[in-house]
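J.: For reference, each letter of the sequence shown is one residue, going 1 to 238 in UniProt numbering. All residues carry an ideal CB built from backbone N, CA and C; glycine is no exception. The structure is given below, and queries will be raised subsequently.
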Amino acid sequence: MSSSFHASTVDWLGCWIAAGQVKPGETIKVEADLGEQLGVSRTVIREAIKTLVAKGMLEVGPKVGTRVLPVRRWNLFDPQVVGWLSRSGLPENFVDDLLDLRRTIEPMAVRWACERATVDQVQAVRQAYNALERAVDSGIDYNRADQFFHECILAASHNQFIEQMVPALGALLAVSFEVSAADPDELRRTLPIHKDMADAIAARDAARGVWACMTLIDNADLAIKRFYPQVMADKKAS
1 MSSSFHASTV DWLGCWIAAG QVKPGETIKV EADLGEQLGV SRTVIREAIK
51 TLVAKGMLEV GPKVGTRVLP VRRWNLFDPQ VVGWLSRSGL PENFVDDLLD
101 LRRTIEPMAV RWACERATVD QVQAVRQAYN ALERAVDSGI DYNRADQFFH
151 ECILAASHNQ FIEQMVPALG ALLAVSFEVS AADPDELRRT LPIHKDMADA
201 IAARDAARGV WACMTLIDNA DLAIKRFYPQ VMADKKAS
């Protein structure tokens with residue numbers, strides 16, 4: 001079985017389900033019908049379904065067939081699942097929960113980074129900030145630079161659970177940044193706060209770093225409240 005066929009089939013099915021084409025509790029088409037629609041074999045469809053079962057999106061049973069599970073059962077720490085959800089527009093409660101997650105994890109990660117970051121990691125955070133500053137000036141790929149800056153801080157926390165969550169948290173952060181960056185003034189307004197975080201980590205000043213982190217998240221919350229409806233409307237129109 002071609003890995004490219006498998007990957008593209010998983011991606012199509014994941015997007016299709018995340019877009020709400022099949023509601024939770026409903027069964028999806030039989031393998032033969034899906035295979036005919038996508039131009040792939042039943043084996044490819046069967047393996048793709050197994051992948052989505054592992055991600056918590058589907059369940060398969062002898063009496064219920066292949067059924068879509070509620071979003072609360074999906075693995076929301078899977079970057080691919082988050083990506084599928086974000087393509088069609090996330091429900092507002094998802095973004096609110098994401099901000100709650102950031103408030104729970106990021107300030108502590110910043111505190112630990114202030115206490116535990118190695119010299120190389122401090123330098124990596126500073127370099128990530130410099131790249132962020134250049135991105136703001138150029139207006140190119142700001143969200144990716146912002147995401148990388150925060151990922152460097154999470155990695156510098158030296159907490160093995162947070163480190164293992166970095167790929168998933170990165171995908172979740174990307175969603176948050178995409179919405180908050182819809183405010184054209186948000187980028188420059190928050191740049192000095194990012195610098196405060198980088199400087200605090202270099203100075204081992206945990207109180208300053210945590211304050212800067214919470215300020216950034218609160219700013220993102222305000223920006224999302226103002227711009228979220230328009231961002232989601234644009235997604236659904238595209």
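1. Once DSSP output is grouped into helix, strand and coil, what is the label at Thr118?
2. Once DSSP output is grouped into helix, strand and coil, what is the label at Met1?
3. Report buried or exposed for Leu169, applying the criterion of at least 16 other Cβ atoms within 10 angstroms of its Cβ.
4. Could you check the C-alpha separation between Ser138 and Cys152 for me, to the nearest Å?
5. Helix, strand or coil: how does DSSP classify Arg67 here?
6. Assuming Leu132 contacts Ala145 (C-beta within less than 8 Å), just tell me the rounded distance between them.
7. Identify the residues that DSSP records as bridge partners of Gly56: which are they?
8. Under 7 Å Cβ to Cβ from Met1, same chain only, skipping five residues before and after it: list those, please.
9. Inspect the CB distances between the region 66-84 and the region 114-128 and report whether three or more fall short of 8 Å.
10. Who are the Cβ neighbours of Val136 in its own chain at under 7 Å, not counting the five residues just before and after it?
11. What's the C-alpha gap between Val109 and Asp78?
12. According to DSSP, is Gly83 part of a helix, a strand, or is it coil?
13. Identify, in the order they occur along the chain, each residue of the same chain with its Cβ nearer than 6 Å to the Cβ of Ser3, setting aside the five sequence neighbours on each side.
14. Looking at the structure shown, is Gly39 part of a helix, part of a strand, or coil, going by DSSP?
15. Please indicate yes or no: does the CB of Val110 lie closer than 7 Å to some heavy atom of the ligand ATP?
16. Can you give me the Cβ contacts of Pro70 inside the same chain, cut-off strictly under 6 Å, excluding the 5 residues immediately before and after it?
17. Counting C-beta neighbours from all protein chains within 10 Å, is the total for Pro91 16 or more, i.e. buried, or is it exposed?
18. Excluding the 5 residues flanking Leu76 on each side, which residues of the same chain have their C-beta closer than 7 Å to its C-beta?
19. Mind listing, in chain order, the continuous alpha helix (DSSP H) runs of no fewer than 4 residues lying wholly within the region 193-230?
20. What's the gap between the Cα of Arg116 and the Cα of Ala212?
21. Between which residues of its own chain and Thr51 is the CB-CB distance below 7 Å, once the five residues before and five after are set aside?
22. Let me know if Gln164 comes out buried or exposed under the rule of 16 or more other beta-carbons within 10 Å of its beta-carbon.
23. Whose C-alpha, out of Pro167, Gly14, Asn130, Asp96, is nearest the C-alpha of Ile224?
T.: According to the structure data:
1. Reduced to three states, the DSSP call for Thr118 is coil.
2. With a pLDDT of only 47 at Met1, under the threshold of 50, the placement of this residue in the model should not be trusted, and no figure is reported.
3. Buried, because 16 or more other Cβ atoms sit within 10 Å of the Cβ of Leu169.
4. One alpha carbon belongs to Ser138, the other to Cys152, and they sit about 22 Å apart.
5. DSSP places Arg67 in the strand class (E or B) of the three-state scheme.
6. About 4 Å separates the beta carbon of Leu132 from that of Ala145, a gap short enough to meet the 8 Å contact definition.
7. DSSP, once it has assigned bridges, lists no residue as partnering Gly56.
8. Model confidence at Met1 stands at a pLDDT of 47, short of 50, so the residue's coordinates are unreliable and nothing is read from them.
9. Touching, no.
10. Same-chain partners within the cutoff: Tyr142, Leu187, Arg188, Leu191.
11. The amino acid occupying residue 109 in the given sequence is Ala; Val does not appear at that position. In a straight line, the C-alpha of Ala109 is about 20 Å away from that of Asp78.
12. Gly83 falls in the helix class under three-state DSSP.
13. Counting only Cβ-Cβ distances below 6 Å, and skipping sequence neighbours, we find nothing.
14. Coil.
15. Absence of the ligand ATP from the depicted structure is noted, as is the absence of any ligand whatsoever, leaving it without description.
16. The answer, listed in chain order, is Pro24.
17. Classification of Pro91: exposed, given that the 10 Å Cβ count is below 16.
18. The answer, listed in chain order, is Val82.
19. With a minimum length of 4 residues, there is no unbroken run of alpha helix (DSSP H) contained wholly in the region 193-230.
20. Arg116 and Ala212 have their C-alpha atoms spaced approximately 18 Å apart.
21. Here the set comprises Val10.
22. By the 10 Å Cβ count, Gln164 comes out exposed.
23. When each option's Cα is compared against that of Ile224, the closest is Asp96.
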